[in-house]
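Asker:
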Amino acid sequence: MLKNQFLPTTLIFFISVIAFFIFKNNFHLSYWFLSVLLFLFLIIQSLGAYFIQFNFHLTSINSTNTTEKKVVLTFDDGPHNPNTTKVLEVLKKHDVKALFCVIGKNIEGNESVLQQIINEGHQLANHSYSHAFWFDVWSTKKVTNDLAHCQQLINVYQASPKLFRPPYGVTNPNIAKAVKKLNLQSIGWNIRSYDTSTNDIEKIKQRIVSQLKPGSIILLHDRLEYMPQLLEILIPAIKEKGYCFSNINV
Ligand SMILES: [Zn+2]
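Number 140 in our numbering belongs to position 52 of the sequence shown; there are no gaps in the numbering.
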């Protein structure tokens, strides 16, 4: 698995190769070879940014440290009215606690929904204030301000929130610096439901259940209209496999 430390190692390797070819005076070969290396470097960087599980740019909790059959449901992009409220109803009915990764700007106007999330024993995570399209190319300062704004809003409901779910699951060095500065803990997943790509709830359920492992963290979206119907078949299917639901300990 790729690690954060891989980045400086890679840079040192490339600088060494450049130095070698310059000293060999073989500029034609070095140009071709360095182009290939640069391409590979960019591919590695991009894969590291896209796959949060690689822990390439920052270390995320992608599964909980347990051998027991426990999983965590996580919901991104809320709070949404009325869909989050409907999701909460289903969770309450099945006595399941979950993690809600909320967008700061969505809290405004949905304060009662956020209060309900807390009152019913669920956890909150910072999913940025803006969830902006260009979030991943922002400077460290801009990312830090955005995350700090969301922290302030969440702090009203849950003291000292620690968890941060990167928007789009994308990570990069600037986001890593902002996370460190704000003393947050990135939270990823190891089961991506792809619930935003299809509304075939049977298919989504099968995809999740087939990947269950002790400590699995499942990515879902509470803003989706069909999420309550999905949960009505997903929760019993997970329980049938002998699993129960847990929170994230931070
Ligand atoms: Zn999101």
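Positions of the beta carbon are idealized from the N, C-alpha and C atoms, including for glycine.
In chain order, which beta strand (DSSP E) runs of at least 3 residues are fully inside the stretch 193 to 263?
Answerer: 211 to 214
Asker: Locate the beta strand (DSSP E) running through T162, then write down its first and last residues.
Answerer: 158 to 164
Asker: If you draw a straight line from the C-alpha of L235 to the C-alpha of I321, how long is it?
Answerer: 34 angstroms
Asker: Look up Q273 in the DSSP assignment and say whether it is helix, strand or coil.
Answerer: strand
Asker: Closer than 6 angstroms between the C-beta and any heavy atom of ligand 1: which residues qualify, listed along the chain?
Answerer: D164, D165, H215, H219, P255
Asker: Around the C-beta of L135, are 16 or more other C-beta atoms found within 10 angstroms, so that it is buried, or is it exposed?
Answerer: When all chains shown are included, L135 counts as exposed.
Asker: Just the C-alpha distance for N278 and L161, rounded to the nearest angstrom, thanks.
Answerer: 11 angstroms
Asker: Tell me which residue opens and which closes the beta strand (DSSP E) that V190 is part of.
Answerer: 187 to 190
Asker: Touch check for the stretch 125 to 135 and the stretch 169 to 179: three-plus C-beta pairs under 8 angstroms?
Answerer: Flag = no, the stretch 125 to 135 and the stretch 169 to 179 do not touch.
Asker: Can you tell me whether Q93 is helix, strand or coil according to DSSP?
Answerer: Note that Q93 scores a pLDDT of 49, beneath 50, so its modelled location is shaky and nothing firm can be said.
Asker: Buried or exposed: where does I305 fall if 16 or more other Cβ atoms within 10 Å of its Cβ makes it buried?
Answerer: buried
Asker: Could you compute how far the alpha carbon of K91 sits from the alpha carbon of G303?
Answerer: Only weak support is given to the placement of K91: the predicted model assigns it a pLDDT of 47, under 50, and the question is left unresolved by the model.
Asker: Are Q273 and V338 close, meaning C-beta to C-beta below 8 angstroms?
Answerer: Taking 8 angstroms as the Cβ cut-off, Q273 and V338 qualify as a contacting pair.
Asker: If you reduce the DSSP assignment to three classes, tell me which class L122 lands in.
Answerer: helix
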